[in-house]
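A.B. asks: So that we are looking at the same thing, I have put the structure below in structure tokens.
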Amino acid sequence: MQSQPRKITILGIETSCDETAAAIVTDGKVIRSSVVASQAHLHSEYGGVVPEIASRAHIENLYPVLSKALSQAGVTKDDIDAIAVANQPGLTIALIVGVTAAKALAFFWNKPLIAVNHVHAHLQAAMLQAENLELPAVALAVSGGHTCLYDCESPLELKLLGTTTDDAAGEAFDKVASILKLGYPGGPVIERAARAGNPRAIDFPRTMLGPDSLDFSFSGIKTAVLYHCRGQDMLGEDRVASMSGQEIADIAASFQAAVIDVLVKKTLRAAEQVRAKTVLLGGGVAANSALRETLEKVCGEKRYRLLVAPKSLCTDNAVMIASLAWHKYRAGVFADLALEPKASA
Ligand code: KG4
Ligand code: ZN
Numbered sequence: 002m003q004s005q006p007r008k009i010t011i012l013g014i015e016t017s018c019d020e021t022a023a024a025i026v027t028d029g030k031v032i033r034s035s036v037v038a039s040q041a042h043l044h045s046e047y048g049g050v051v052p053e054i055a056s057r058a059h060i061e062n063l064y065p066v067l068s069k070a071l072s073q074a075g076v077t078k079d080d081i082d083a084i085a086v087a088n089q090p091g092l093t094i095a096l097i098v099g100v101t102a103a104k105a106l107a108f109f110w111n112k113p114l115i116a117v118n119h120v121h122a123h124l125q126a127a128m129l130q131a132e133n134l135e136l137p138a139v140a141l142a143v144s145g146g147h148t149c150l151y152d153c154e155s156p157l158e159l160k161l162l163g164t165t166t167d168d169a170a171g172e173a174f175d176k177v178a179s180i181l182k183l184g185y186p187g188g189p190v191i192e193r194a195a196r197a198g199n200p201r202a203i204d205f206p207r208t209m210l211g212p213d214s215l216d217f218s219f220s221g222i223k224t225a226v227l228y229h230c231r232g233q234d235m236l237g238e239d240r241v242a243s244m245s246g247q248e249i250a251d252i253a254a255s256f257q258a259a260v261i262d263v264l265v266k267k268t269l270r271a272a273e274q275v276r277a278k279t280v281l282l283g284g285g286v287a288a289n290s291a292l293r294e295t296l297e298k299v300c301g302e303k304r305y306r307l308l309v310a311p312k313s314l315c316t317d318n319a320v321m322i323a324s325l326a327w328h329k330y331r332a333g334v335f336a337d338l339a340l341e342p343k344a345s346a
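In our numbering, the protein residues as written are 2 to 346.
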């Protein structure tokens, strides 16, 4: 009788932005624990993430988050085969907290260290439950810091097809929520406001950047919302405070529809270019129901198999880090203790 391959259990750590997270995952799929400490309340008054505040909060949160992840999974250091950490891309002074902790644990527990790309990990969340990946596959990672299209050959082989030339899609949601004084993070509050609005009320620009381009630009739409509320070139007064709830809802719905239009059209464009059989969607903005439903509809029409990250694993978490790290473990791709955080991918 053939013996079963040994199960591999990985501790994942995530501190790239404003969530401190740790998770224990076995064989890339079995989630033994997932703990996320959000700092959104610390950044809300600024309408975006303040790196210094994020870094200090990671320092404060990391130990309790790690302890909870271990105890919820019912494991000790002896059950863990490797320590994985997101080391890029992200805010350097935020990443450095997780990277330093992961290196210390790897050193003192004598475990291998695995470095994970945070954006690639968002797509791993979409592959988590898929038994196989029918190729070619196009993957859209859409978050607060990134909007990227990839030709995805495997969880570890992602060829960049296009990326944002200015603001990421999530960043546009956050900035528009700030203009509309709806709070932070912007995605969920815009989505909520948009439910009562008319997506055709205002014709915000859809920047496509040329007929074959797979790059993205969302700074134009953000400026268009700003001018809509403050007058052309910001020469008028800020009308937001005196707008009715319906007016705000119409702006939110029209903005959301324009962003989704661009994301979906570019994804289809990429899928056509690589003759994709599968489309993957992950990242914080992938939590948006309207985006999920629109992509589901068009992928159904075009007969692409759509794999979407579960809503609970769209925004930052450490399950995706530990899960992608399992593929690296099997491929023998380890980092050494000189690992550094990197702001860009
Ligand atoms: O992936 P993520 O947690 O962090 C980064 O890697 O940046 O993504 C956070 C982003 C924020 O910009 C947030 O506004 C956006 O994801 N987001 C959403 C929704 N939930 C979170 N955007 C649109 N609709 C949502 N429901
Ligand atoms: Zn993220």
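Even for Gly, the Cβ is constructed at its ideal location relative to N, Cα and C. The model shown is predicted, which means the values in this text are computed figures rather than measured ones.
Can you tell me where the beta strand (DSSP E) holding tyrosine 228 begins and where it ends?
C.D. replies: Counting along the chain, tyrosine 228 falls outside any beta strand (DSSP E), though it belongs to the alpha helix (DSSP H) covering 220–231.
A.B. asks: DSSP has cysteine 149 in a bridge; who is on the other side?
C.D. replies: DSSP output for cysteine 149 lists Ala142 and Thr164 as bridge partner(s).
A.B. asks: Taking isoleucine 191 as the reference, which of Gly246, Thr77 and Leu150 has the closest Cα?
C.D. replies: Residue Gly246 is the option with its Cα nearest to isoleucine 191.
A.B. asks: What residue range is occupied by the uninterrupted alpha helix (DSSP H) comprising alanine 41?
C.D. replies: Alanine 41 -> alpha helix (DSSP H) spans 41–44.
A.B. asks: Looking at C-alpha atoms only, which residue of Pro189, Ala126, Gly221 and Ala242 is the closest neighbour of aspartate 204?
C.D. replies: It is Gly221 whose Cα lies nearest to the Cα of aspartate 204.
A.B. asks: Please determine, among Thr16, Glu61, Met244 and Asp80, the residue with the shortest C-alpha to C-alpha distance to leucine 25.
C.D. replies: The sequence as given places isoleucine at residue 25; leucine does not occur at that position. Minimum Cα distance to isoleucine 25 is reached at Asp80.
A.B. asks: So is threonine 16 buried or exposed if we call it buried at 16+ other beta carbons inside 10 Å?
C.D. replies: When all chains shown are included, threonine 16 counts as buried.
A.B. asks: Quick one: any contact between the stretch 6–20 and the stretch 43–62, if contact means 3 or more CB pairs under 8 Å?
C.D. replies: Contact between the stretch 6–20 and the stretch 43–62 is present, because at least three Cβ pairs lie under 8 Å.
A.B. asks: Along the chain, which unbroken stretches of the beta strand (DSSP E) at least 3 residues long are found entirely within the stretch 58–133?
C.D. replies: Runs found: 83–89 and 114–118.
A.B. asks: What separation, rounded to the nearest whole angstrom, lies between the Cα atoms of lysine 267 and glutamine 257?
C.D. replies: Their backbone Cα atoms lie some 16 Å apart in a straight line.
A.B. asks: Let me check one thing: in DSSP terms, what residues is proline 21 bridge-paired to?
C.D. replies: Checking the displayed sequence, the identity of residue 21 turns out to be threonine instead of proline. The partner list for threonine 21 (beta bridge, DSSP) reads Ala38.
A.B. asks: Quick check on arginine 33: buried or exposed, where buried means 16 or more other Cβ atoms within 10 Å of its Cβ?
C.D. replies: Arginine 33 comes out buried.
A.B. asks: With H, G and I counted as helix, E and B as strand and the rest as coil, what does DSSP make of phenylalanine 7?
C.D. replies: Note that residue 7 is arginine in the sequence shown here, rather than phenylalanine. In this structure, arginine 7 counts as coil in the three-state DSSP scheme.
A.B. asks: Pull up the distance between the alpha-carbon of alanine 336 and that of valine 320, whole angstroms please.
C.D. replies: Computed Cα separation, rounded: 19 Å.
A.B. asks: If you scan the stretch 226–293 from start to end, which runs of the alpha helix (DSSP H) of 4 or more residues do you find wholly inside it?
C.D. replies: Fully enclosed alpha helix (DSSP H) runs of 4 or longer: 246–275.
A.B. asks: Quick check on glutamine 130: buried or exposed, where buried means 16 or more other Cβ atoms within 10 Å of its Cβ?
C.D. replies: By the 10 Å Cβ count, glutamine 130 comes out exposed.
A.B. asks: Look at the alpha carbon of valine 48 and the alpha carbon of proline 65, and state the distance between them as a whole number of angstroms.
C.D. replies: Looking at the sequence itself, residue 48 is glycine, so the reference to valine does not match. Their Cα atoms are separated by approximately 27 Å.
A.B. asks: I'd like to check one pair, glycine 163 with leucine 215: are the Cβ atoms closer than 7 Å?
C.D. replies: Yes. Within cutoff.
A.B. asks: Tell me the rounded alpha-carbon separation between threonine 224 and aspartate 234.
C.D. replies: Going from the Cα of threonine 224 to the Cα of aspartate 234 covers about 9 Å.
A.B. asks: Below 6 Å, is the gap between the Cβ of serine 39 and the nearest heavy atom of ligand 2?
C.D. replies: Serine 39 Cβ: outside cutoff for every heavy atom of ligand 2.
A.B. asks: What I want to know is whether the C-beta of asparagine 118 ends up closer than 6 Å to one or more non-hydrogen atoms of ligand 1.
C.D. replies: Every heavy atom of ligand 1 is 6 Å or more from the Cβ of asparagine 118, so no.
A.B. asks: Taking the C-alpha atoms as reference points, what is the distance between valine 334 and alanine 85?
C.D. replies: Going by the C-alpha atoms only, they are around 11 Å apart.
A.B. asks: Is aspartate 175 near ligand 2 - that is, is its Cβ less than 6 Å away from at least one heavy atom of it?
C.D. replies: No; taking the cut-off as 6 Å, the Cβ of aspartate 175 has no heavy atom of ligand 2 nearer than that.
A.B. asks: Among Val265, His44 and Gly91, whose alpha-carbon lies nearest the alpha-carbon of aspartate 175?
C.D. replies: Ranking Val265, His44 and Gly91 by Cα distance to aspartate 175 puts His44 first.
A.B. asks: So if DSSP puts threonine 27 in a beta bridge, which residue, or which two residues, is it bridged to?
C.D. replies: Answer is Thr10 and Val31.
A.B. asks: So, with DSSP's three-state summary, where would you put leucine 308?
C.D. replies: Strand at leucine 308.
A.B. asks: Along the chain, where does the alpha helix (DSSP H) that runs through lysine 182 open and close?
C.D. replies: Counting along the chain, lysine 182 falls outside any alpha helix (DSSP H), and DSSP gives it neither H nor E.
A.B. asks: Beta-carbon within less than 7 Å of leucine 181's beta-carbon, same chain only, minus the 5 sequence neighbours each way: which residues are those?
C.D. replies: Excluding residues within five positions, the ones whose Cβ falls inside 7 Å are Val241, Ile249, Ile252 and Ala253.
A.B. asks: What residue range is occupied by the uninterrupted alpha helix (DSSP H) comprising isoleucine 322?
C.D. replies: That run of the alpha helix (DSSP H) goes 320–332.
A.B. asks: Checking the sheet assignment: what are the DSSP bridge partners for phenylalanine 217?
C.D. replies: According to DSSP, which records beta bridges pairwise, phenylalanine 217 is partnered with Thr165.
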